[in-house]
Amino acid sequence: MVHNEKILSALEFAATKHKGQFRKGSYQTPFISHPIRVAAILAENGEGDSESLLIAAILHDVIEDTETTANEIRTLFGETVCNLVLECTDNKKLPGWEQKQEQVNYAPKASVAAKKVKLADKICNIMDIREDPPSGWSVERKLAYLTWSEAVFQGLKGVNPALDKLFEKELTKAKQTLVQSTRV
Ligand code: ZN
C-alpha cells in the first residue's frame, strides 16, 4: 500500500537536502533527478506497491551526500526506511577504491530490499554513462566503471528478474556506445 503523501514528503525532503547539488554530467542536471529516477525504475519494474522501498530509493543518497543524520530519517520515515538507507550508504571515510571494493564484497550480503535499491541505482548510473557521463571521464574510466558495476551486479542479481534484465540491457547499450565512440 502506497500513501502518496509520504512519497511526496520524501521527495520534498530529498529535494531540500540535495539543494545546490548537481549530477556530474555536462547538462548540470539537479542531483534530485537521480533519486527520482532510481525510484521510478523500481516502480516501473514491479516494485510500485512497496512504500518503504520507494521512499528509501528517494532518500538513498541523503546520508552519503548531505548533512542528513540517520536519526532524522528514523523520526520522519521510520525504522525500516532508515535501515534501508543506511544499507545503501557508502563509508565515505574509506578511499574511493576501497569504497568500490566494499560495494562488491557487501552486495551479496545486503537485504533483498537493499539489493533492489542498489540495483536500480547502478542502472541509473549506467544510463548516465551513456546519456550524460561525468565531465572529464575518459573512455577507459567509463569502461572501468562499467566493469566494476558488473562485479557489484553479480552480488545483487536474483531478487527481481525485470531489474536484472534491465541492468543487462543498459550495460550492453553503454558498452556499445563506448566502443562506437572509440571508432570515430
Ligand atoms: Zn545513487
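Per this note's numbering, the sequence shown starts with residue 1432, numbered consecutively. Glycine is no exception: its CB is placed at the ideal position from the N, C-alpha and C atoms.
Exposure of residue i, with buried meaning 16 or more beta-carbon neighbours within 10 Å
i	result
residue 1564	buried
residue 1536	exposed
residue 1575	exposed
residue 1573	buried
residue 1613	exposed
Same chain only: Cβ atoms within 8 Å of residue i, ignoring 5 sequence neighbours per side
i	result
residue 1533	1521, 1522, 1525
residue 1497	1448, 1449, 1452
residue 1531	1579
residue 1479	1433, 1473, 1485
residue 1459	1453
residue 1541	1518, 1549, 1586, 1587
Proximity test, residue i beta-carbon vs the ligand ZN heavy atom, cut-off 7 Å
i	result
residue 1563	no
residue 1449	no
residue 1465	yes
residue 1521	no
residue 1492	yes
residue 1516	no
residue 1583	no
residue 1595	no
residue 1433	no
residue 1552	yes
Beta-carbon contacts of residue i that lie in its chain and below 7 Å, excluding the five residues immediately before and after
i	result
residue 1491	1466, 1469, 1516, 1519, 1548, 1552
residue 1561	1604, 1605, 1608
residue 1555	1465, 1468, 1469, 1472
residue 1437	1482, 1486
residue 1598	1550, 1553, 1554, 1584
Beta-carbon separation (whole angstroms), residue i vs residue j, contact threshold 8 Å
i	j	result
residue 1455	residue 1569	14 Å between Cβ atoms; not a contact.
residue 1419	residue 1590	As shown, the chain starts at 1432 and ends at 1615. That puts residue 1419 outside it, with no answer to give.
residue 1441	residue 1508	7 Å
residue 1602	residue 1581	6 Å
Proximity winner among the options, relative to residue i (alpha-carbon distances)
i	options	result
residue 1558	1487, 1605, 1480	1605
residue 1577	1590, 1543, 1600	1600
residue 1506	1596, 1474, 1444	1444
residue 1594	1464, 1476, 1457	1476
residue 1433	1584, 1482, 1540	1482
residue 1439	1458, 1592, 1543, 1489	1489
residue 1424	1610, 1463, 1457	Within the shown structure, residues of the chain are numbered from 1432 to 1615, placing residue 1424 beyond reach of any answer.
Contact set for residue i: own chain, Cβ-Cβ below 6 Å, skip 5 residues either direction
i	result
residue 1538	1583, 1586, 1587
residue 1512	1483, 1486, 1487
residue 1544	1484, 1515
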